[in-house]
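Participant: Using the numbering used here, the first residue of the sequence shown is number 574, and each one after it goes up by one.
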Amino acid sequence: MIQFTVNGFPQSTDAPADTPLLWVLREGLKLTGTKFGCGAGLCGACMVHIDGARAFSCQTQIDQVAGHRVTTIEGLSADSSHPVQQAWVAERVPQCGYCQSGQIMSAADLLQRKPHPTRSEIVEHMSALAPRAQHGGRRRQPWRRTVADEAQPRSACPAGSRQW
Ligand code: FES
């Protein structure tokens with residue numbers, strides 16, 4: 574039996590040790606805010622936090638989280654009040670919504686560790702994600718609400734150009 578914590582609640586599973594964390598979250602715990610995209614560590618739709626740091630849940634075996642804290646998009650805040658979530662809504666970023674939880678979890682990870690990242694740090698951090706859908710410039714707008722102006726990404730959505 575593997576024991577761990579999800580969004581502040583103790584959980585356990587008898588899933589095989591090599592089961593992806595993503596499967597346990599979605600199928601076992603019904604936390605479907607974390608999405609399956611590529612299954613290969615490329616798109617970031619499955620992003621969660623493990624002990625406060627971002628991690629691809631599709632690439633994390635369930636035995637690797639034994640005794641650790643997992644946070645999903647459902648647990649990022651109790652009432653969607655996390656600054657990144659508020660900025661996402663205010664700027665009307667979502668379109669299809671498929672990659673949104675992964676994008677938000679990744680942005681929250683960066684801002685937790687570095688509240689005022691530079692533009693290049695944002696680009697480098699968010700370039701780990703390859704969203705399925707284009708979002709035009711709207712995905713850049715939350716950064717304007719959460720970090721200094723000089724940190725604003727200025728070019729196209731990484732879905733198309735891999736540059737901000
Ligand atoms: S589903 Fe995990 S990175 Fe794409």
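Where a beta carbon is used, it is the ideal one built from N, C-alpha and C, also for glycine.
Roughly how many angstroms separate the alpha carbons of residue 659 and residue 688, rounded to a whole number?
Facilitator: The residue labelled residue 659 in the question sits at position 86 within the sequence shown. The residue labelled residue 688 in the question sits at position 115 within the sequence shown. Computed Cα separation, rounded: 16 Å.
Participant: For residue 673, count neighbouring C-beta atoms within 10 Å of its own C-beta (all shown protein chains included) and say buried if the count is 16 or more, exposed if not.
Facilitator: The residue given as residue 673 occupies position 100 in the sequence shown. Burial call: buried.
Participant: Which class does residue 668 belong to by DSSP, given the choice of helix, strand or coil?
Facilitator: By 1-based counting over the sequence shown, the position of residue 668 is 95. In the structure shown, residue 668 sits in coil (DSSP, three-state: anything other than H, G, I, E or B).
Participant: Considering just the uninterrupted stretch of the beta strand (DSSP E) at residue 584, what are its terminal residues?
Facilitator: For this step, residue 584 is matched to residue 11 along the sequence shown. Its beta strand (DSSP E) spans residues 582-586.
Participant: Could you check what DSSP says for residue 688 in three-state terms: helix, strand or coil?
Facilitator: Mapped onto the sequence shown, residue 688 falls at position 115. Of the three classes helix, strand and coil, the one that applies to residue 688 here is coil, per DSSP.
Participant: From 619, 649, 695, pick the residue whose C-alpha is nearest to that of residue 605; which is it?
Facilitator: As a position in the sequence shown, residue 605 is number 32, starting the count at 1. Closest option to residue 605, Cα to Cα, is 619.
Participant: Quickly, what does DSSP pair residue 623 with across the bridge? List them, please.
Facilitator: Start at 1 with the first residue of the sequence shown, and residue 623 comes out as number 50. According to DSSP, which records beta bridges pairwise, residue 623 is partnered with 626, 643.
Participant: Residue 631 and residue 648 - do their beta-carbons sit closer together than 8 Å?
Facilitator: For the purposes of this step, residue 648 is identified with residue 75 of the sequence shown, where counting begins at 1. For the purposes of this step, residue 631 is identified with residue 58 of the sequence shown, where counting begins at 1. Cβ distance not < 8 Å, so residue 648 and residue 631 don't count as in contact.
Participant: Assign residue 589 to one of two classes, buried (16 or more other C-beta atoms within 10 Å of its C-beta) or exposed (fewer than that).
Facilitator: For the purposes of this step, residue 589 is taken as the residue at position 16 of the sequence shown. Residue 589 should be labelled exposed.
Participant: Okay, do the region 630-646 and the region 576-584 touch, 3+ Cβ pairs below 8 Å being the bar?
Facilitator: The answer is yes - the region 576-584 touches the region 630-646, with three or more Cβ pairs under 8 Å.
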